Amino acid sequence: MGGGAWPFLVDEFPQFIASVPREHIRQAFQSLIKDSTDGSIDAIAYCDTLSKLKGPSFTKYLKDNLLGIVTAQTTRISYSYFTALNSLVHNIELVRQIFSDVVDKLEEKEITKDQFDTAAWRFSEAITPVQTTLLWRLLDHNNSGRSH
549 MGGGAWPFLV DEFPQFIASV PREHIRQAFQ SLIKDSTDGS IDAIAYCDTL SKLKGPSFTK
609 YLKDNLLGIV TAQTTRISYS YFTALNSLVH NIELVRQIFS DVVDKLEEKE ITKDQFDTAA
669 WRFSEAITPV QTTLLWRLLD HNNSGRSH
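Numbering-wise (our numbering), the sequence shown opens with residue 549 and increments by one.
Here it is in structure tokens:
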């Protein structure tokens with residue numbers, strides 16, 4: 549395009565930029581399901597792909613436990629599950645903010661899944677109930693399902 553005009557309206561550009569990572573994720577998933585009969589992928593392939601795409605933003609705990617967390621429920625991963633965990637990793641700062649906001653208001657400084665789900669719904673539509681379930685799986689993998 550050189551120095552020419554962009555083919556976007558100013559209002560469309562942020563939407564375009566936001567869609568690039570989603571398209572990258574969609575393409576990664578599509579490349580893995582080419583031999584699938586049910587539209588899902590193997591959990592190991594899922595973990596490998598997610599680690600390649602989001603690995604630098606993973607904590608050591610997530611890197612070390614991702615496969616165990618994923619396979620605790622299933623060995624096949626649907627596209628909705630694939631995108632939900634990717635989005636959760638992408639929105640981890642928002643998750644921390646929601647936790648802090650809720651915990652600051654509690655005496656015992658522990659939060660249940662229902663409390664977090666309610667706060668996330670009130671705080672932002674960016675964290676879905678599916679993502680909250682995935683988040684609690686991460687927590688359950690390490691403790692009793694309550695966050696401290």
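We put the beta carbon where it would ideally sit given N, CA and C, even for glycine.
Values in this document were obtained by computation on a predicted structure and should not be read as measured data.
Coarse secondary structure for I659, derived from DSSP in three states: On the sequence shown, residue 659 is found 111 positions in, with the first residue counted as 1. Strand at I659.
Would you list the one or two residues that DSSP bridges to I589? Start at 1 with the first residue of the sequence shown, and residue 589 comes out as number 41. Checking the DSSP bridge columns, you'll see I589 partnered with I625.
Please state whether the Cβ-Cβ distance between L642 and A674 is less than 8 Å. Reading the sequence shown from its first residue, position 94 is the one you call residue 642. Reading the sequence shown from its first residue, position 126 is the one you call residue 674. Yes, these two residues count as a Cβ contact at 8 Å.
By Cβ distance, which residues of its chain are closer than 6 Å to N634, with the 5 residues on each side in sequence left out? As a working note, residue 634 is residue 86 in the sequence shown. Within the same chain, N634 has close Cβ partners I573.
For S626, collect the residues of the same chain with a Cβ closer than 8 Å to its Cβ; drop the 5 residues on either side in sequence, then sort them by chain order. Translated into positions along the sequence shown, residue 626 becomes position 78. Excluding residues up to 5 positions away in sequence, G587 and S588 lie with their Cβ nearer than 8 Å to the Cβ of S626 in the same chain.
Secondary structure at S635, three-state DSSP: helix, strand or coil? Counted from its first residue, the sequence shown places residue 635 at position 87. Helix, per DSSP.
With a threshold of 7 Å (Cβ to nearest heavy atom), would K582 be considered close to the ligand PLP? The model depicted lacks the ligand PLP and carries no ligand whatsoever.
Member of S672, A620 and L636 whose CA lies at the smallest distance from the CA of D649: Looking up residue 649 in the sequence shown gives position 101. Closest by alpha carbon: S672.
Between T680 and the rest of its own chain, which residues show a CB-CB distance below 8 Å, the 5 nearest in sequence each way excluded? For the purposes of this step, residue 680 is taken as the residue at position 132 of the sequence shown. Excluding residues within five positions, the ones whose Cβ falls inside 8 Å are K661, F664, D665 and A668.
Would you call the CB atoms of L601 and A576 closer than 8 Å? For the purposes of this step, residue 601 is identified with residue 53 of the sequence shown, where counting begins at 1. For the purposes of this step, residue 576 is identified with residue 28 of the sequence shown, where counting begins at 1. Contact flag set, yes.
Going by alpha carbons, who is nearest to D596 out of D652, L610, T585 and S584? Sequence index remark: in the sequence shown, residue 596 carries index 48 (1-based). Closest by alpha carbon: L610.
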